[in-house]
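Per this note's numbering, numbering of the sequence shown is gapless, rising by one per residue and ending at 200.
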Amino acid sequence: MKWLALTAAVVAVALLLLWREVRSSGASPAVAVAPTAAPAVPIARASADVVPARIAEPVDDDEPLPPHVLPAGVMAPEYDPGPIKKFSEPFWERVDETYSRRLLGFAADCYKGGKERKQKLKVAFRFNITGGKVSVTDVRPVESTLDDPALEACMLKAIAKATWDDKNMPDWTSSPDEEETIVVRISTLKRFGPETD
Numbered sequence: 004m005k006w007l008a009l010t011a012a013v014v015a016v017a018l019l020l021l022w023r024e025v026r027s028s029g030a031s032p033a034v035a036v037a038p039t040a041a042p043a044v045p046i047a048r049a050s051a052d053v054v055p056a057r058i059a060e061p062v063d064d065d066e067p068l069p070p071h072v073l074p075a076g077v078m079a080p081e082y083d084p085g086p087i088k089k090f091s092e093p094f095w096e097r098v099d100e101t102y103s104r105r106l107l108g109f110a111a112d113c114y115k116g117g118k119e120r121k122q123k124l125k126v127a128f129r130f131n132i133t134g135g136k137v138s139v140t141d142v143r144p145v146e147s148t149l150d151d152p153a154l155e156a157c158m159l160k161a162i163a164k165a166t167w168d169d170k171n172m173p174d175w176t177s178s179p180d181e182e183e184t185i186v187v188r189i190s191t192l193k194r195f196g197p198e199t200d
């Protein structure tokens, strides 16, 4: 069985190399060249579960690419989902996941190392989205195990000054009764910058 599979693989490789040679030489595809014979191998009886090897069909370089396929080396444009409906699932995913990661990035700029992985700062705040501009208001500490007032102050200030554009989001402000919170963990901050201790 192994010899049969090996022979099939050798023949497939030979045919592929032959096809590439014909394509690169500019010869007409109608010209047929006989492949070299494979060494004689004892033929075993094929069982019903043996699947013959398939050779992928060649791609014609002159045909245009399908619309969803980009040429090699061309970067895909950034995905733009268009306007996001207020209070929809994408809206809350953006507020709870994407925006939280952004705020962690702002806080990460303050961390220069020296803390334990489990140390953290929990921050309460409100989001304000107006005219596609996201900002943060009413920032205050809730809980801290950092034991570093200067680091805490820097992180709070960085989060309070955070702002960015998001043209797809509708105007909205977090309710004063339901503040947003984020936990800034030292272990998480290490993902945002150079390796620190």
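By construction, the Cβ of each residue, glycine as well, lies at the ideal position given by its N, Cα and C atoms.
What are the boundary residues of the beta strand (DSSP E) that residue i is part of?
i	result
Ile165	It is Ala, not Ile, that sits at residue 165 in the sequence shown. Run containing Ala165: none; DSSP gives neither H nor E here.
Leu124	123-133
Exposed or buried, what is residue i when buried is set at 16 or more other beta-carbons lying within 10 Å of its beta-carbon?
i	result
Ala165	buried
Val16	exposed
Lys118	buried
Glu181	exposed
Arg97	buried
Val62	In this predicted model, Val62 has a pLDDT of only 49, less than 50, meaning its place in the structure is not dependable; the value taken from the coordinates is given anyway. Label assigned to Val62: exposed.
Give every residue of the same chain whose Cβ lies closer than 8 Å to the Cβ of residue i, excluding the five residues on either side of it in the sequence, and list them in chain order.
i	result
Gly134	Asp174
Asp151	Lys118
Phe90	none
Using CA coordinates, which residue listed in the options is at the minimum distance from residue i?
i	options	result
Glu146	Ala17, Ile185, Phe130	Ile185
Arg143	Lys125, Leu18, Ile132	Lys125
Thr191	Leu18, Arg97, Trp95, Ser103	Ser103
Asp168	Ser91, Cys113, Thr101	Thr101
Pro179	Ser91, Asn131, Val13, Trp95	Asn131
Leu154	Arg120, Lys193, Glu183, Tyr114	Tyr114
Arg120	Arg194, Ala12, Val14	Arg194
Val137	Leu149, Thr148, Ser177, Gly85	Ser177
Note down, in chain order, each residue of its chain lying with its Cβ closer than 7 Å to the Cβ of residue i, except the 5 sequence neighbours on either side.
i	result
Ile162	Leu106, Phe109, Ala110, Val126, Phe128, Val139, Val142
Leu159	Val126, Val142, Pro144
Asp112	Ala161
Pro84	Pro93, Asn171
Cys157	Cys113
Ser50	Any reading at Ser50 must be qualified, since the residue scores a pLDDT of 49, below 50, and its modelled position is unreliable; the value itself is stated next. Correct list: empty, nothing qualifies.
In terms of residues, what are the limits of the alpha helix (DSSP H) holding residue i?
i	result
Glu96	92-96
Ser177	Element bounds for Ser177: n/a, residue is neither H nor E.
Ile105	According to the sequence as given, residue 105 is Arg; it is not Ile. Start and end: 102-111.
Residues in its own chain within less than 6 Å of residue i by CB, not counting five upstream and five downstream?
i	result
Ile212	Any question about residue 212 goes unanswered here, given that the chain covers just 4 to 200.
Arg188	Lys123
Look up residue i in the DSSP assignment and give the residues it is bridged to.
i	result
Ile185	Val126
Arg194	Looking at the DSSP assignment, Arg194 forms no beta bridge with any residue, so it has no partner.
Pro144	Val126
Ser138	Asn131, Thr166
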